[in-house]
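Below you'll find the structure, written out as structure tokens, and then a few comments.
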Amino acid sequence: MTETRPILFYDIASGRPVRSYAPNPTKTRYALNFKKAFYTTQWVELPDVAKTRRDILKVPPSRSHFDGSDYYTLPVIHDTSNDTKVGDSFDIAVYLDEIYPAPNPPLIPPSSVAIMRAWNTKCDAVFSGASNTFGSIGLMYAHGLPFNPETAEQSKSNFVAKVPGMTCWDDFDLKGEARTATLEGFQQDMKELGSYFRKRDEGPYLEGKIPTYADLILGGWLKLLSVALPEWDQVATWDDGLWGMLHDTLQREYGQE
């Protein structure tokens, strides 16, 4: 299909200079650029995300908060060529393959949607600490999130209100031995993910030279760590530099904003 009208891609805005940093929207940005899709970015301030999705775009939530309430977040795409809205990063990848099949190979190889969805779930669990907002590793990068200074206090208050056991923003920070232990555990989790890369001599991707959505899933999270995690330079060297190389390659090839 040849696009005659753009896809509107709703991404979470950072502070200035505005840039992409959130993992799931980054997965979608990489996917759109992989497909060479005709799209424009609609930047949304973090406190306005729920209202934008729920009230303006009227896209149902795909996730829940800890308390079971609806979690209205981004990305969302609005394909204005056919008035289709999709509000989950994985579903967006499936949609792009179905509606915009070029280029070849696809984002998700044929007959591997279920496997790729399981990989997405696994990676999300590793990078979020199996939490839908912040888990243990999330407590290491929370204070590095590039909030807009004008709305930062509201954003922090919203996070505190939604996560059980948190009473203030300072609770979203690991220090000392707890931080060291968490980083060591995260390194082991990353080592397991790295074990799936069996063609390292051919290229930086899971399948060597050929990228798939599996790589973009990892790339979305690596982008967040590169922006928000103080120990990113250390993480980038793990597994013989795999994670830094993958991040740099994806940013170069598919990170256009």
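Under UniProt numbering, think of the first position of the sequence shown as 1, with each following residue one higher.
No residue lacks a Cβ here, since even glycine has one placed at the ideal position from N, Cα and C.
Exposed unless 16 or more other CB atoms sit within 10 angstroms - verdict on residue 223: Along the sequence shown, one-based indexing puts residue 223 at 223. When all chains shown are included, residue 223 counts as buried.
Give me the residue from 121, 142, 230 with the minimum Cα distance to residue 217. Within the sequence shown, residue 217 is the residue found at index 217, counting from 1. Ranking 121, 142, 230 by CA distance to the CA of residue 217 puts 121 first.
- prompt: Are the beta-carbon atoms of residue 128 and residue 182 separated by less than 8 Å?
  reply: Counting from one through the sequence shown, the residue named residue 128 turns up at place 128. Counting from one through the sequence shown, the residue named residue 182 turns up at place 182. Not in contact: residue 128 and residue 182 (Cβ atoms no closer than 8 Å).
If I measure Cβ to Cβ from residue 78 and keep anything under 6 Å in the same chain, skipping five residues before and after, which residues do I get? Here residue 78 corresponds to residue number 78 of the sequence shown, with the count starting at 1. Taken in chain order, the residues that qualify are 8, 85.
Got a sec? Which residues, its chain only, sit under 6 Å from residue 101 by beta carbon, not counting five neighbours each side? Position 101 of the sequence shown holds residue 101. Nothing meets the Cβ criterion.
| task | Grab me the residues of residue 149's own chain with a C-beta within less than 8 Å of its C-beta, minus the 5 sequence neighbours each way, in chain order. | result | In the sequence shown, the residue the question calls residue 149 occupies position 149. When the five nearest sequence neighbours on each side are left out, the beta carbons in the same chain lying within less than 8 Å of the beta carbon of residue 149 are those of 15, in order along the chain.
Cβ-based burial, residue 180 [other Cβ within 10 Å; buried from 16]:
On the sequence shown, residue 180 is found 180 positions in, with the first residue counted as 1. The Cβ neighbour count for residue 180, taken over all protein chains shown within 10 Å, is under 16; the residue is labelled exposed.
**Asked** Which class does residue 182 belong to by DSSP, given the choice of helix, strand or coil?
**Response** Counting from 1 along the sequence shown, the entry for residue 182 is found at position 182. Reduced to three states, the DSSP call for residue 182 is helix.
Quiz item: Looking at the structure shown, is residue 68 part of a helix, part of a strand, or coil, going by DSSP?
Solution: Translated into positions along the sequence shown, residue 68 becomes position 68. If DSSP states are grouped into helix, strand and coil, residue 68 belongs with coil.
Flag this pair as touching only if the segment 224-233 and the segment 19-39 have three or more C-beta atom pairs under 8 Å; answer yes or no. Yes, they touch.
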